[in-house]
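Asks:
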Amino acid sequence: MSSSFKLKSHPTKPLEVHLSNVATFCQETVLDKEINNKDQYSKIAFLIGLSHDFAKSTTYFQKYLIDHEKTEKARHGLLSSIFTYYCVKNYIRSNKFEDLWHISPISWIVVLKHHGNLRNIKGIDGESSKLKDLDLVRRQLANIKENNFEEIKGFYEKWNIDISKFLNEFEEVVKDIKRDLRKLTRAKGLDHYFLILFFYSVLLDADKMDASGTHKPPRVEISDNIVDKYKKAAFEGEKSEINLIREESYEEVINSLNLLDLEKDRILSINLPTGCGKTLSAFSFSLKLRKKIETEFGFLPRLIYSLPFLSIIDQNAEVVSKVLSHGADDSEIFSNMLLKHHHLSDISYKTGKELEISSNQSQLLTEGWYSEIVITTFIQLFYSLITNKNRAARKFHNIVNSIVILDEIQSIPHHYWELVNHSLKYLSKEFNCWVILMTATQPLIFKENEEIKSLVDKDKYFNVFNRLEYEFNLEPQDFDVFKKLIWDKIVSEPDKDIMVVLNTINASQELYNYIKEMIDEDLPVEPEGIVCSDKLQIMNISTLIIPKHRLKRIKRINNNEKRRNIIVTTQVVEAGVDISVDLIYRDMAPLDSIVQTAGRCNRSNEKGKGLVEVVNLKDDKARNFYSYIYNSVLINATADVINCNYSIEEREFNSTAVPNYYKFVSERGSQDKSLDLIAYLEKLEFSCIKSEFKLIRNYEKIDVFVEADKDAKEIWKKYKEITKIKDRFKRKTAFLTIKPEFYSYVVSVDPKKIGKVVKETEWLGYLNKDDLDRKYDIETGFITNDKEDVFII
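Going left to right, the sequence shown walks through residues 14 to 806 as my numbering numbers them.
#1: Among L604, D633, C657 and S668, which one has its Cα closest to the Cα of A650?
#2: What is the DSSP secondary structure of I418, reduced to helix, strand or coil?
#3: Would you check if the stretch 736 to 747 and the stretch 692 to 707 touch, i.e. whether three or more CB-CB distances between them fall below 8 Å?
#4: Go ahead and pull the three-state DSSP assignment for G455.
#5: For A246, count neighbouring C-beta atoms within 10 Å of its own C-beta (all shown protein chains included) and say buried if the count is 16 or more, exposed if not.
#6: Going by DSSP, name the residue or residues bridged to C614.
#7: Is P764 closer than 7 Å to E713 when the C-beta atoms are compared?
#8: Can you tell me whether P118 is helix, strand or coil according to DSSP?
#9: If you count every other CB in all the chains shown that lies within 10 Å of the CB of H356, and 16 or more means buried, which is it?
#10: Please determine, among G311, H428 and L468, the residue with the shortest C-alpha to C-alpha distance to L457.
#11: What did DSSP end up calling W447 once you bin it into helix, strand or coil?
#12: For a test of the three-state rule: what should DSSP assign to P24, helix, strand or coil?
#13: I need the DSSP call for F495, collapsed to helix, strand or coil.
#14: Say whether the stretch 404 to 411 touches the stretch 377 to 389, bearing in mind that this needs 3 or more beta-carbon pairs closer than 8 Å, one atom from each stretch.
#15: Are A721 and I554 touching if we call contact CB-CB under 7 Å?
#16: Using a threshold of 7 Å, state whether the C-beta atoms of L481 and V625 are closer than that.
#17: Helix, strand or coil: how does DSSP classify S384 here?
#18: Quick check: the Cα distance between Y99 and Y318, rounded to an integer number of angstroms?
#19: Starting from H205 and walking both ways along the alpha helix (DSSP H), at which residues does that stretch end?
#20: Return the CA-CA distance between Q522 and R787, expressed in angstroms with no decimal places.
#21: Could you give the first and the last residue of the continuous beta strand (DSSP E) run that contains E534?
#22: What runs of the beta strand (DSSP E), each 3 residues or longer, lie entirely inside the stretch 276 to 341?
#23: Which residues bound the alpha helix (DSSP H) around Y98?
#24: Using DSSP bridges, identify the partner residues of Q550.
#25: Cα-Cα, which of G621, K46 and K21 is closest to S415?
#26: Count the CB pairs spanning the stretch 55 to 75 and the stretch 236 to 256 that are closer than 8 Å, and state whether there are at least three.
#27: Using CA atoms only, rank isn't needed, just tell me which of A87, T452, N629 and K631 is closest to L149.
#28: Enumerated in chain order, which unbroken segments of the alpha helix (DSSP H) with a length of 4 residues or greater are wholly contained in the stretch 712 to 792?
#29: May I ask you to report which of helix, strand or coil DSSP gives N637?
#30: Just to confirm my understanding: we take W500, look at its own chain, exclude 5 residues before and 5 after, and list those with CB closer than 8 Å. What are they?
#31: Between the C-alpha atoms of N156 and E164, what's the straight-line distance to the nearest angstrom?
#32: Pairs of beta-carbons, one from the stretch 487 to 501 and one from the stretch 557 to 576, closer than 8 Å: are there three or more?
#33: R599 bridges to which residues according to DSSP?
#34: Out of T774, E773, G778 and Y758, point me to the one whose CA is closest to I767's CA.
#35: Quick one: Cα of C39 to Cα of G62, how far?
#36: Any idea what DSSP makes of I176, helix, strand or coil?
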């Protein structure tokens, strides 16, 4: 190949076009942000984009584009990263920005890993070890000089970048990188970690968007008064006592905006009882805060509404969607205004423009959080802040300059409080973010009145809300005795809706089946697995029930006016799920879980006072059920707060027990995991982040697709057709079109308990219609091997 060969970055795209596009995208992305050193960072981001694929100018890579044969010589990350360091270093040096020295080695890291995940910088297998043996890189440089030098030289001359000088100074540049990397990893604080994440995110997004031909969707306006208008139309005339309280708390939250110092007050809290209307209050406040930030700071923040559980994302998204569509000519809410994102999200992005957006482009825009309002999970948010993952980090620059609402913040494991404290304070201060913590049981992640500002007088509302009584009986109780107690209560309280929340799925299934056996009639079973008559409906809810049926059951609880509800469930309904019953039995759990569960009792004070009875159940091995799933620190703190068997009103319990509980947890709970992770971030030990930061306890699971109905059969058929597509990229894109429907029929099962199931892959099992009787109970879900009938081949 001669120097006249037209260099390409991708099979149909010239290299110079890709480099120019990515550079411009990077620069514009940074210029759109309101951050320190914006002008310098935007120019550096431009240089990173301009140089990130420099080594694609070898004939080795150009040949790879033609024959698709990967060779070591075709790799372009290391040489491109060294060249990027050279370009950024020269810019910093020539402009005498000595205090930005760290951006040069950061740019090396960012480009080196723009096709992979970040790894430890130091150590035997660290990224810096790649600079020890550079024979291959030298061969690549010689190849460029011999074959495509004039073309690549001419391209970079447009920006006064001298390729000849780079070739001559190559060995010195490598020495400089090694020295700067040592200096970088010895520094204290989180600056270097978050700057790597920021520039990494900007480059990843620019590279993927340009390669796929995806354009940034337009920003859209949202009225900051839209919630007020919605509330006036939806709730006008509703003058019940609880609605008056909700309105009072709403007005107090909104009016608090006038008392904020936006420069100083960055971590905020809405600490209100369950059922007090926190969702609408937070949404309205955030829109008004957004407008005020635009006026005072000159930029329009995105809203990121983050929740711990998938089960409540759809519910909250539906509320927000109703508000946004209120009074609109077109009831459809487009993706650039409101976006749901979790691992089961529908990847279908629409902007209202007559533009064709492919599945791949939709995925990029969805996963990049290109929307004014993003409703997502804690997993998606925190794994983008504390991460080494390419895919998770890409959205980070769209978290910058945002308002982050953290609903049900008590779900964060206590051993990560210090890490969350440091990370969110850094995000708010250095990247101009505002964070709103929302809960009925606020943990001590931030020091009250020092690090966090409350938007309401919480004591006033907790003293008013007195919808239920707690009864505690912590004497260990045999499960068989408890089952009889529940049946007696069902019989003796014929007008009450009852919910029993147990700590294990097995226990919930056992109690549910016991209740059914005790009912002296055969009740019909609906297709979703709800057992009902004219006056009664009974249901079991757990994660072994396919999501499609689980969500329908939760909706049926609320939409049921004439039937009595008997619900046997696990913690899956604990927080945020908008249901209300008269009587709850809760197996012993951490105190915040007990309070959250109690939030499903007499939620709107619609009847006489509700009752939540907390019991301490043991299995047939005399082991407490709580010991299978909860941390002993949390249980012991709860036991010490409760202290004995007694009854107490909601008002008194919430005002005394919750603060004491979190005080005990704070004093006794170790922050070693947080401190270790903070040290990893400071030392840029990215590989350690992956293994140590886990919001959810890792249990080995296998997904099982359950062919529960005719729709499932059709979806499985489509899935099998997709698996036959040979091209990996096309296969992945095709699966995105059925992904939400596919996973609505999937349950995750302990591989030790999966039993006889057809294995499609290492991670996926398949249960066809013929096997349902043996392996899937429409009422209680997947049948584990310790409960299935003998299987004879």
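Virtual Cβ for every residue (Gly too), placed ideally from N, Cα, C.
Replies: If we stick to the structure as given:
#1: L604
#2: strand
#3: no
#4: The sequence given here places Gln at residue 455; Gly does not occur at that position. Coil.
#5: exposed
#6: V594
#7: yes
#8: helix
#9: exposed
#10: H428
#11: strand
#12: coil
#13: helix
#14: yes
#15: no
#16: yes
#17: coil
#18: 40 Å
#19: D204 to S225
#20: 16 Å
#21: Taken as a continuous stretch (DSSP letters only), E534 belongs to no beta strand (DSSP E), as it is neither H nor E.
#22: 280 to 284 and 315 to 320
#23: G90 to S107
#24: C545 and N578
#25: K46
#26: no
#27: A87
#28: 723 to 736, 741 to 749, 752 to 756 and 785 to 788
#29: strand
#30: Y527, I528 and M531
#31: 13 Å
#32: no
#33: V514 and V627
#34: G778
#35: 6 Å
#36: helix
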